[in-house]
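**Q** Sequential numbering from 201 applies to the sequence shown in the working numbering. Just so it is clear, CB atoms sit at the ideal spot from N, CA and C, and this is done for glycine as well.
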Amino acid sequence: HENPGGIWNSTSYNSSGHISWPVLQSAGWYDLFNSVSNFEHITAASKWDVKSSHAMQIVPLGHCGETGGIPGQAGFTRDLAWNHTAIQTLWAISNGLAPEVFNLFGNNPRWAALVIWNLLLDGLIPTVPKIPRLMWYVLGSEPYPKANFIAVGDRLPSPQYRNLYLSSQAEAVFHDPAEGFDEFIYNPSFPMPTIGGHLFYNEQGAKCGPQDQTPALTGRSDYLLFESAPLKQPLYITGNVRGRISIETNVTDTDLVLKLIDCWEDKKMLVADGIVRMRWRGNVTSPNPPMEKGKTYQVDVDLWSISWRFASNHTIGIIVTSSNYPAVDVNPNNALPLSKEGPNVTASHRIVFAGESYVTLPIVQNTQLKELTFARFERQTTTYS
């Protein structure tokens, strides 16, 4: 289903305005669906009297179960399991209360059930714990309490957006860089392997979520990696990560992949990623014309949403490449419909700098991340080895 049509239309937000009951949504940062965007559309478009009655939990991983984690980081997986249990238990309480509330008032006016449900969300019913409208997991490379905790609020915090620009000497900088470019060769016959990210559970036990990209990069030259200077203090991001890249190429169609990376020591940990097939750039309803050699194209890439803490002395990395297989089918670069067989065409890509290529980070302050405190989930002191 490459072209827009009935299958894709069923995933649109066009019907959100008809929602007249509270929605309880369970999501994951590395889910297969952009659940955060879905929740925002539902909240904005639903009936006026339920706009503030929706709730959502965002767990650390996604559809691959609890097979994620950061290798070599003592305490991460233990924190992951602990917090995952806590957030799921609290969510079970809210899922259990919601139908009881609406069943109790099933034969009464609809507004009565909404009033009780909103009292639960606001924590105004004695002896009943407040149900957060939004619970989300703050990821990071370090164990709790620095990272890997559950934050709560009525909505995600409002970030300050800041561009991290691609620059010469493989640098990523927070100021407008000088003119320049860098190049790489992409051969569709040898795609970049997928490690982590938005994956579905499979029998091979492929891990989704934040995974070290070093094994995927080793021995390859079909990518560019840009790194910031070491951070002088921790940097928090929460919200939608987006990229804008200026590219020249010698092929008529190709894919553009962006990965946001947390780099330290010998680790290059995936934080977020996104991909655009150039024939479909710009949210068009029919394919763009074939690309022209020597012409510069500026394309927007959605890396979806994440909540992450970059530790001090870490660097922020940006990977630019053209494949992520098997998460996404390989683009043979020949501009033919993907249902038709054709030759694989090797591409020579040029990424243009001068402030035209960057990733926009949704930066927040740690004071905006209010940690979940709930008596029955008091953390026990743990010594990590």
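Check whether the Cβ atoms of Phe-553 and Leu-356 sit closer than 8 Å, and answer yes or no.
**A** Against a cut-off of 8 Å, the Cβ pair of Leu-356 and Phe-553 comes out as no contact.
**Q** In or out: Glu-492 buried (at least 16 other Cβ within 10 Å) or exposed?
**A** Exposed is the call here.
**Q** Which runs of the beta strand (DSSP E) fall wholly inside the segment 444–486 and span at least 3 residues, in chain order?
**A** Runs found: 455–464 and 467–477.
**Q** Who pairs with Asn-363 in a beta bridge, going by DSSP?
**A** Bridge partners of Asn-363: Thr-560.
**Q** Asp-500 by DSSP, collapsed to three states: which one?
**A** It is a strand residue.
**Q** Helix, strand or coil for Phe-239 per DSSP?
**A** Looking at Phe-239 - three-state DSSP - the assignment turns out to be helix.
**Q** Over the uninterrupted alpha helix (DSSP H) stretch that includes Leu-417, give me the two end residues.
**A** Residues 414–417.
**Q** So the beta strand (DSSP E) Thr-515 belongs to, where does it begin and stop?
**A** Its beta strand (DSSP E) spans residues 515–521.
**Q** Just to confirm, is the Cβ distance from Ile-519 to Gln-413 under 8 Å?
**A** Result yes, Cβ atoms of Ile-519 and Gln-413 sit closer than 8 Å.
**Q** From the DSSP output, in three-state form, read off Asp-382 for me.
**A** In the structure shown, Asp-382 sits in a strand (DSSP, three-state: E or B).
**Q** Would Gly-529 and Leu-536 be called neighbours here (beta carbons separated by less than 8 Å)?
**A** A small correction: the amino acid at residue 529 is Asp; Gly does not occupy that position in the sequence shown. No, these two residues do not count as a Cβ contact at 8 Å.
**Q** Can you tell me which residues form a DSSP beta bridge with Arg-509?
**A** Arg-509 is bridged to Gly-340 and Tyr-436.
**Q** When DSSP labels each residue in this structure, what does Trp-221 get in the three-state scheme?
**A** Looking at Trp-221 - three-state DSSP - the assignment turns out to be coil, as it is neither helix nor strand.
**Q** If you compare alpha carbons, which of Ile-437, Phe-390, Gly-353 and Asn-387 is closest to Leu-364?
**A** Comparing Cα-Cα distances from Leu-364 to each of Ile-437, Phe-390, Gly-353 and Asn-387, the minimum goes to Ile-437.
**Q** Relative to the alpha-carbon of Thr-496, which residue among Ala-227, Val-223, Val-451 and Leu-561 has its alpha-carbon at the smallest distance?
**A** Comparing Cα positions, the closest option is Val-451.
**Q** When you compare only the Cα positions, how much space is there between Asp-455 and Asn-531?
**A** Going by the C-alpha atoms only, they are around 6 Å apart.
**Q** Cα-Cα, which of Lys-247, Ile-258 and Gly-340 is closest to Lys-468?
**A** For the residues Lys-247, Ile-258 and Gly-340, the minimum Cα distance to Lys-468 belongs to Gly-340.
**Q** Could you have a look at Val-250 and say whether DSSP puts it in helix, strand or coil?
**A** Helix, per DSSP.
**Q** Please look up how many angstroms separate the CB atoms of Ser-220 and Lys-247, rounded, as I've assumed it's under 8 Å.
**A** Indeed, because the Cβ distance is near 4 Å, the residues count as touching under 8 Å.
**Q** Are Trp-508 and Val-471 closer than 8 Å when you measure CB to CB?
**A** Contact flag set, yes.
**Q** Which class does Ala-372 belong to by DSSP, given the choice of helix, strand or coil?
**A** Strand.
**Q** Taking the straight line between their C-alpha atoms, what separation do you get for Gly-272 and Thr-485?
**A** Because the pLDDT of Gly-272 is 38, which lies under 50, any placement of that residue in the model is unreliable, and the number read from its coordinates should be weighed accordingly. For Gly-272 and Thr-485, the distance between alpha carbons rounds to 45 Å.
**Q** Short of 7 Å in beta carbon distance, which residues of its chain neighbour Gly-555, apart from the five on each side in sequence? Order them along the chain.
**A** Tyr-365, Asp-376 and Pro-377.
**Q** Going by DSSP, what residues sit across from Val-352 in a beta bridge?
**A** According to DSSP, Val-352 bridges with Met-335.
**Q** Looking at Glu-427: is its Cβ nearer than 8 Å to the Cβ of Thr-515?
**A** Yes, they are a contact pair.
**Q** With distances taken between CB atoms, is the gap from Arg-442 to Val-499 smaller than 8 Å?
**A** Not a contact, by the Cβ cut-off of 8 Å.
**Q** In terms of residues, what are the limits of the beta strand (DSSP E) holding Gln-565?
**A** Element bounds for Gln-565: n/a, residue is neither H nor E.
**Q** I'd like to know if Tyr-497 contacts chain B, where contact means its C-beta is closer than 8 Å to some C-beta of that chain.
**A** As a matter of chain content, chain B is missing from the structure shown, which is built from one protein chain.
**Q** Our contact map puts Gly-542 next to Gly-409 with C-beta atoms below 8 Å; I'd like the distance itself, whole angstroms only.
**A** Contact doesn't hold; Cβ gap of about 34 Å is too wide.
**Q** By DSSP, does Ala-591 sit in helix, in strand, or in coil?
**A** Residue coverage of the chain in this structure runs from 201 to 585, which leaves residue 591 outside it and unanswerable.
**Q** Run through DSSP, which three-state label would Thr-277 get?
**A** At Thr-277, the pLDDT of 45 sits below 50, so the modelled position is not reliable; the number obtained from the coordinates is stated separately. Looking at Thr-277 - three-state DSSP - the assignment turns out to be helix.
**Q** Tell me the DSSP bridge mates of Ser-226?
**A** According to DSSP, Ser-226 bridges with Gln-257.
**Q** Give a yes or no on whether the C-beta atoms belonging to Met-335 and Leu-572 are separated by under 8 Å.
**A** Closer than 8 Å, so yes.
**Q** Distance check for Tyr-337 and Asn-348, CA to CA, integer angstroms please.
**A** Computed Cα separation, rounded: 7 Å.
**Q** Excluding five sequence neighbours on each side, which residues of the same chain lie with their C-beta closer than 6 Å to the C-beta of Val-545?
**A** Cβ within range, chain order: Val-451, Asn-533 and Asn-534.
**Q** Compute the Euclidean distance between the alpha carbons of Thr-243 and Asn-387, then round it to the nearest angstrom.
**A** Each residue's Cα considered, the two are about 43 Å apart.
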